[in-house]
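> Chains as they are written, first to last, in the numbering used here: chain E, 1 to 540; chain X, 1001 to 1276; chain Y, 2001 to 2538; chain V, 3001 to 3325.
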Amino acid sequence: MSEHETILSLDRLSVRLPGGADRTHALRDVSLEIASNEILCVVGESGSGKSMMANAVMRLLPNEVTIDNGRIMFEGRDLCAASIAEMREVRGDGIAMIFQEPMTALNPLRTIGDQIAEMFSIHTDLSKAEINTRVLSLLADVRIPDPKVAAKAYPHELSGGQRQRAMIAMALALDPKLLIADEPTTALDVTTQAQILKLIRDLQQRRKTAVMFITHDFGVVAEIADRVVVMQHGVIVEQGAASDVLHHPQHAYTRQLIAAVPPLKAPPPRALAADNILTISDVSKTYRTGGFLGRGARVTPAVKNVSLALPRGATLGIVGESGSGKSTLARCIVRLIDPDTGSIVLDGNDWAKMSREDVRRETQHIQMVFQDPFASLNPRRKAAELVAQGPIVHGMPRAKAIADAKELFALVGLDPSAGDRYPHEFSGGQRQRIGLARALALKPDVLVADEPVSALDVSVQAQVLKLLAELRQRLGLSIVFITHDLRVAAQICDLVAVMKDGAVVEHGLAGEVFGNPQHAYTRALLDSIPGGAFAREHKV
Amino acid sequence: MDAVKRYFRSPAAVAGLILLLIVIAMAISAGWFYPRDPLALAGRPLVWPFSNPRFLLGTDNSGRDIAAQIFYGARISLLIGGVATAIAILIGILVGAFAGYYGGWVDNVLMRITEAFQTLPNFVLLLVLVAVFGSTLTTVTIAVGVVSWPAPARLTRAEFLSLRNREFVQAGRTLGMKNIQLIFREILPNALPPVIVYASVVMAVAILLESALAFLRLSDPNVASWGNLIGLGRDVLRVQWYVSAIPGIAILVTVLAVSLVGQGLNDALNPRLKGR
Amino acid sequence: MDLTRLEINRRTALLTSAAIAANVINPMRAFAQETPRKGGVFNVHYAAEQRQLNPSIQASTGVYIIGGKIQENLVDLDANGQPVGVLAESWEGTPDGKTVTFKLRQGVTWHDGKPFTSADVEFTAMNMWKKILNYGSTLQLFLTAVETPDAHTAIFKYERPMPLNLLLRALPDLGYVSAKHLYENGDIRQNPTNLAPVGTGPFKFVKYERGQYIIADRNENYWRPNAPYLDRIVWKVITDRAAASAQMEAGELHYAPFSSLTLSDLARLGKDKRFIVSTKGNEGNARTNTLEFNFRRKELSDIRVRRAIAHAINVPFFIENFLGDFAKLGTGPIPSTSTDFYPGPNTPQYAYDKAKAIALLNEAGFKPGTGGTRFSLKLLPAPWGEDISLWSTFIQQSLGEIGIPVDIVRNDGGGFLKQVYDEHAFDIATGWHQYRNDPAVSTTVWYRSGQPKGAPWTNQWGWEDKNVDKTIDDAATEVDPAKRKALYAQFVKEVNTELPVWMPIEQIFLTTITAKARNHSNTPRWGSASWHDLWLSA
Amino acid sequence: MRILSLAGRRLAASIPTLVLILIGVFLLLQFAPGDTVDAMMAQMGGGDAATAKELRKFYGLDLSIPAQLGNYLWRLVRLDLGFSSIYGKPVASVILERLPPTILLMTASLSFAFFFGLVFGVIAARGVNRWPDTLISTLGLVFYATPSFWFGLMAIVVFSVYLQWLPPGGFEDIGTMRTGIWRVFDIASHLVLPTLTLGLIFLAIYLRIMRASMLEVLNLDYVRTARAKGLDETRVVTRHVLRNALLPMVTLIGLQAGTMLGGSVVVESVFSLPGLGRLAYESVVQRDLNTLLGIVFVSALLVISVNFVVDLIYARLDPRITAEA
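Below is the structure:
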């Protein structure tokens, strides 16, 4: 097999959606080629059709979504016309696929080894013993610690990263010519993501497989792609070598996407007020779950005596990977969770010691914005009502509260007349704005934002961050901003605290912490951000 | 809205609705078709259906017109089914809501009680309730309701457990809403749809339980219920089998209608399942 | 709409009864010359399981159907209803009626081999009949002692005169003897022998599976020569009447006693030549359907209201259309089958007359109020017997026509007895009155005042009549049979006038038996008899 | 071993439930009109007040209610269920006599319902929205809607009266005492109709649950992975989908045990089977408090042990359970 022989080529592929969908076609006239020993990155926002294309290639589309023309050439055969039996041979042997959610992509009731061995038992007639050895060597190949134990383990006994490694082992079992990876690292922590990307790169080079890598994160594109395809609403707007597309994007949409990616370099520091509006001193919280009469309880210390200060009008960023305790700390501040020890002083009174009833009455001083736009708004309530809820609970007459809510809609950049529409009629970005309006309705002194933009597309993310910055300026808001994405933190936070396993390992001005990190973990975090130099400062 | 459109797309749901409307129409028009008391003596006992123009469906072994009893029986079954279901759902929601929301020892105590009700065979408990409090229409209805609340309680509790930590509830809490407000204004509206759909199952079971009680001659004898008629027909089963067969079919049609409507609602409300 | 104008299809009604009547007249068919066949299993339908099986301490057909084959009584009734000796060979009473001497049969042994002696009779009479046996305790109220001069003589001593024909007519039901050596120590009621009876009868108890069956085999050394003919009797517990008739037709049951099948199945099997359905053999177990009034309700204490209620119910129509030929128009507490005491039909009767009923009600001052309702009544029917539930529905329908809505309140066995006979929480009640060959046994207690609260099937109506009481007491102790019959005729006239309890329907139990059975239904209480001569042809 | 301790804990947790039931039913029955002596009198066909008072003393019905409850629970701890007044025997032996028919009936109907529910559920799910699915689903609904006693009666009329294929009732043929294999056949033939009658409603329930659970699992991510590995549809179902779809079915057995015992009351009275169900009906009618409480106790134990077994099966099926506990 020569160096650059074309493995897969799509020729004007179109996929029709069933009636009632928001557009007629998921894919329209998509043509692209993937050669062996090459990683082609397909990038686009959610709804751009990138995953649909992957499923179309594997002919795994939901049964009312159909390919209505175009050809998918693989090893000289058109997969669109292939019979079910022929497709079955191709799947797993010719083309392999790995998916986004490691948690649910493996059968929870069967061991890892068993599921990998199944690849061999379907496509080959190797003996049981031979299959076993192949499985163990594969697991070693993807550098899973102690393959023998891992083979016998069940999916829930492995971490997210290890599960993804098992998926990769399974996909590469029969040395397929093409590997399709549908956002394999999106659900992983940034450090694990870095290792997985390195692993895929390494395996691809060693085995010379062709890889179609689907992602929405330009950092990942910069880190791993040889060639790039940019998609919007089911159409390819631009494709070419990675460096060309990244540094000299031709199409306006591509330029806009790249511009929306927050660079790692922090903007010039703002002047900070002298007094602190909120001081947190050695707060800690330990979860005690399960256990029978005290014995066998599982104790997990989530927050270990954290001390931080938030100057008036400033934005304190708290960054860390999942499980670092950052959202537990946020919930302790807002007293959704009662901290075990420590004090949280806001404008003089200590919120940690107040009774539940007092917290309920004083709650307008501190408000929270949540992460998931779909789950943070009660689907059964109109938008205006949602925003007006807070003031109504605190005694404001309904009519006035609704009127105020309409004003707030304008403040957060929403059309005031949209007040009587239901949450499911808004986009993700608009819903986050409603959440923000709801929090601001009570005119809080401090706003706690728990990963407010993580669930949004990059472009929408940028707009919400811009809105937050304006509001901070106009209303003199002090914000505690929780995120796992250092690039976002760099953009908006004045001060940054890095948390690991419940403790603050480093904190200080954003520029300094990102400029020259002191703690080894901060350095590892910064290095794991995909895209290397591109991520540092890309000017368009 | 589109849930209604989805509901009417499935033929089974539409058929169920039509059947249910027929039964309801029968219940409403009973007084008009058969003005006399259905339990009054109408003619000679055990007249075969369609053999005598005055009694379309014949008479039972007490000389009462079967057609009249079927029409009036519709009222009783729908009444008992409806009221008993309301009682069961009401208790179920209250127990489920508090157990699901508060958790801890409240959840433990309420769940032990629910388990106790479910461990004890519900028909035996029904027998005891009827034996103790007599078999008038009200006691039978309340007894059936009291026996069938554990299932909706479990369902509501499951819904509350999953919704209680949802972010919109936490948001409500940060806005300063009291627990009671959170339960009834925030969580309950979202927990209701599956429970309402389940109400059709509870109603089907309630109608079957009442007819089983009447079959064992433990239901209210002064009321023209289908179960009584089946029980009465049991003595003449070998020859005049129609006395038991006709009310049996009436119960079957009603419960089928209620279940079909329930299933239609379920598929309309969460289309994901039906989609494929 | 008046009941009589109902469209009644007489032809079909007559048809059913005619077929059965034919069957009743010549149930015996000529078998005289066939030689009895020894052997075979006889399966009997046992509808309601009793708590124990010893007839010496419980008088009910449910016990006799089993205990009557295992234990024997002193005296039984022969083919034409006259007393005949079983364990007693002969008897004679003194003119003053205070002493009755029984000569006991020789050479009789209990199933466990012990000899039957007068000591057994003495023990049973003094400890069981007198203390435990229902109705026996009132019969033997004035029994002071039973002397046993020798092993085969028992002399009954009475404080007040005991009419001989009353005693002889009561003993077939209330005269079963139990073995003293098995019952003398420990509480009689809890004695395990009650569930595994030991007697002197033609069949020996083998096994009792509660809820399923009871088995008794032939007693090899039975005192009657080469009797009984059957090898084994199996009593099968089947509570569902329809299932019982299904097993009858499938040949798994040979005999269903005491109208234990449904009315429609009885009518149907009557037309099937494989079976005989007749009242023959049940003359000794007559019963009447009752309508009991509670005088504590103001309306019912007025005689005109009670008579109006009686006039409002078309009993002949009910009997003909609902019970068919299994019942007759009753004339009072003493049924026509009781040849010795039946006072004849011309006692005060209440024929169906709706207009008269309405007139009586208006006269009593109970005008129809809103919706035509004069006043409403609670009717408590006894929960056993298909005829009782039909009769209570008919009462509800009939009184509904004259402006008295009736609310039927169903109870189970225990609840019914407590509500009616103990707490008197009823307006009208209905059930069975069992006539046991002599009015003094279980009939006069329905009218005699002073009955203890809670005693079932006794006068709990809150009604008392001095001269009715006097007539009852005189009759109970009158020695001369003719005078006794006259006293009872007067008793019926008095109670029918006052009408505290109305007994409009007279029924005799119906026997359903395989046509292969021989020597069956040959005594007035054959269901309870010992079946020593019963056999099955091939 | 982990599984046993988990299920053991579940068992211990159900003890309070059991005590709660017993006390509840005991107090409830105190309000019933008439007591067991009245019921006995009804059966004996009469008896005077003196004998009634003596009987009440004998059965300890004259004590105060708390006293009666106290010594009932004290005896219960020593597993003595007390004395049955209507059967004149210790309650334990009465129940042991009646247990086999009910256990046989329940296991037969449960396995019948579970097996066919599973098979039809899978067929319906595989051919979703096509004619097998609509046919099976509507049939399921029709079975679900049929009153069990009515179906039983009609079955008797058709199968045992007209066609004379099956005996109309009873547990076994008493007349001729068969032994060994013939007795098994005889009992089996007696149980065919009752099993069909009792099992029908549960078949409908399992059918629906299996269909819904299959559709749910077919929708999960790892099934898509299995397809991506090149498995054909049947292997996908057998090797991956079936086992996960079974989980809700297994939990259902635990929940259904109680209702099934309730259902057997009606079925046993239609087919005159001498089982616990009918014993419960009779003891309520006869006001025999001890027997009724004995039945409640035994049926609660039965349901709890069924749940215990269900927990074991569930833990074995789903490895996640053992880890979590």
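For every residue, glycine included, the Cβ atom is placed at its ideal position computed from N, Cα and C.
Closest Cβ-Cβ distance between Ala2021 of chain Y and chain X: below 9 angstroms?
Summary for Ala2021 of chain Y: the model assigns pLDDT 45, below 50, so the residue's position carries little reliability, and this model does not support an answer.
> Please tell me whether Val3266 of chain V has its Cβ less than 9 angstroms away from any Cβ of chain Y.
Output row for Val3266 of chain V: interface = no.
> Less than 9 angstroms between the beta carbons of Leu32 of chain E and Val211 of chain E, yes or no?
Not closer than 9 angstroms, so no.
> What whole-angstrom Cβ distance do Phe1168 of chain X and Ser376 of chain E have, given they're in contact under 8 angstroms?
The pair is a contact, with the Cβ atoms about 5 angstroms apart (cut-off 8 angstroms).
> What are the boundary residues of the beta strand (DSSP E) that Thr2430 of chain Y is part of?
Run containing Thr2430 of chain Y: 2428 to 2430, per the beta strand (DSSP E) assignment.
> Find the nearest neighbour of Phe3116 of chain V within the set V:Arg3235, V:Phe3143, V:Val3309, judged by alpha-carbon distance.
Cα-wise, what sits closest to Phe3116 of chain V is V:Phe3143.
> Between the C-alpha atoms of Ala171 of chain E and Leu199 of chain E, what's the straight-line distance to the nearest angstrom?
Roughly 13 angstroms separates the two Cα atoms.
> Give me the chain V residues within the contact set of Gln2460 of chain Y, using Cβ-Cβ distance strictly less than 8 angstroms, ordered along the chain.
By Cβ distance, chain V contributes nothing, its closest Cβ being about 11 angstroms from Gln2460 of chain Y, past 8 angstroms.
> Evaluate the contact criterion for the region 3078 to 3097 of chain V versus the region 3155 to 3172 of chain V: three or more CB pairs, one atom per stretch, below 8 angstroms.
Judged by Cβ distances under 8 angstroms, the region 3078 to 3097 of chain V makes no contact with the region 3155 to 3172 of chain V, as fewer than three pairs qualify.
> Given that Thr1174 of chain X touches chain C, what residues does it touch there, using C-beta distances under 7 angstroms?
Protein chains E, X, Y and V are contained in the structure displayed, whereas chain C is not.
> Return the first residue and the last residue of the beta strand (DSSP E) that Gln2082 of chain Y is part of.
Segment: none, Gln2082 of chain Y is in no beta strand (DSSP E) and carries neither H nor E.
> Starting from Leu346 of chain E, follow the beta strand (DSSP E) in both directions and report where the run begins and ends.
It spans 341 to 346 - the beta strand (DSSP E) in which Leu346 of chain E sits, taken as one unbroken run.
> On the three-state DSSP scale, how would you describe Tyr2046 of chain Y?
Here Tyr2046 of chain Y sits in strand by DSSP.
> So Pro2172 of chain Y and Arg2525 of chain Y are supposed to be a Cβ contact under 8 angstroms. How far apart are they, rounded?
Contact holds; Cβ gap of about 6 angstroms.
> Just to confirm, is the Cβ distance from Leu27 of chain E to Leu13 of chain E under 9 angstroms?
Against a cut-off of 9 angstroms, the Cβ pair of Leu13 of chain E and Leu27 of chain E comes out as a contact.
> Under 7 angstroms between beta-carbons, which chain E residues line up against Pro3319 of chain V? List them in chain order, please.
What Pro3319 of chain V touches in chain E: Leu109, Tyr154.
> Are the beta-carbon atoms belonging to Val1253 of chain X and Ala3145 of chain V less than 9 angstroms from one another?
Going by C-beta atoms, Val1253 of chain X is nearer than 9 angstroms to Ala3145 of chain V.
> I'd like the list of long-range same chain contacts for Leu1046 of chain X, defined as Cβ closer than 7 angstroms, with 5 residues on each side in sequence excluded.
Cβ neighbours of Leu1046 of chain X beyond the five flanking positions: Thr1059, Asn1061, Val1236, Gln1240.
> Counting only the same chain and skipping the five closest in sequence on each side, list residues whose C-beta sits under 6 angstroms from that of Leu3069 of chain V.
These residues qualify, in order along the chain: Phe3026.
> Look up Ser322 of chain E in the DSSP assignment and say whether it is helix, strand or coil.
Coil at Ser322 of chain E, not helix or strand.
> So, helix, strand or coil for Thr111 of chain E, using DSSP?
Reduced to three states, the DSSP call for Thr111 of chain E is coil.
> Spell out whether any CB of chain X is found under 9 angstroms from the CB atom of Arg331 of chain E.
For Arg331 of chain E, the answer is yes, since a Cβ of chain X falls inside 9 angstroms of its Cβ.
> Does the beta carbon of Ser1135 of chain X come closer than 9 angstroms to any beta carbon on chain Y?
Ser1135 of chain X counts as touching chain Y.
> For Phe374 of chain E, count the other beta carbons within 10 Å of its own beta carbon; 16 or more makes it buried, fewer makes it exposed. Which is it?
Looking at its Cβ environment, which holds fewer than 16 other Cβ atoms inside 10 Å, Phe374 of chain E is exposed.
> Using the beta-carbon count (16 or more within 10 Å), is Ala2021 of chain Y buried or exposed?
In this predicted model, Ala2021 of chain Y has a pLDDT of only 45, less than 50, meaning its place in the structure is not dependable; the value taken from the coordinates is given anyway. By the neighbour-count rule (16 or more Cβ atoms within 10 Å), Ala2021 of chain Y is not buried but exposed.
> At the 9 angstroms Cβ level, is Met3249 of chain V part of the contact set with chain X, yes or no?
Output row for Met3249 of chain V: interface = no.
> How about Ser2227 of chain Y and Thr2512 of chain Y: are their beta carbons less than 9 angstroms apart?
Rather than Ser, the amino acid found at residue 2227 of chain Y in this sequence is Ala. Not closer than 9 angstroms, so no.
> Any contact of the region 3012 to 3029 of chain V with the region 3284 to 3304 of chain V, i.e. 3+ C-beta pairs under 8 angstroms?
Output reads yes: the region 3284 to 3304 of chain V touches the region 3012 to 3029 of chain V.
> Under 8 angstroms Cβ to Cβ from Glu2072 of chain Y, same chain only, skipping five residues before and after it: list those, please.
Cβ within range, chain order: Val2086, Leu2087, Tyr2176, Val2177, Gly2199, Thr2200, Gly2201, Ser2530.
> If the cut-off is 9 angstroms on Cβ atoms, which residues from the region 1150 to 1170 of chain X count as contacting chain E, listed in chain order?
Flagged, chain order: Arg1166, Glu1167, Phe1168, Val1169, Gln1170.
> Residues of chain X with a CB under 8 angstroms from the CB of Val3296 of chain V: which are they?
What Val3296 of chain V touches in chain X: Leu1120, Val1124.
> Take Ala1013 of chain X and list the residues in its own chain whose beta-carbon comes closer than 8 angstroms to its own, dropping the five residues that flank it on each side.
Closer than 8 angstroms at the Cβ level, and outside the excluded window around Ala1013 of chain X, lie Tyr1007, Leu1260, Val1261, Gln1263, Gly1264, Leu1265, Asp1267, Ala1268.
> Indicate the three-state DSSP secondary structure (helix, strand or coil) for Tyr3281 of chain V in the structure shown.
Here Tyr3281 of chain V sits in helix by DSSP.
> What's the C-alpha gap between Gln367 of chain E and Val448 of chain E?
Their Cα atoms are separated by approximately 6 angstroms.
> Shortest alpha-carbon distance to Leu2077 of chain Y belongs to which of Y:Arg2160, Y:Ile2505, Y:Ala2048, Y:Leu2174?
When each option's Cα is compared against that of Leu2077 of chain Y, the closest is Y:Leu2174.
> Straight-line CA distance for Leu308 of chain E to Arg255 of chain E?
Near 39 angstroms, if we compare the C-alpha coordinates of Arg255 of chain E and Leu308 of chain E.
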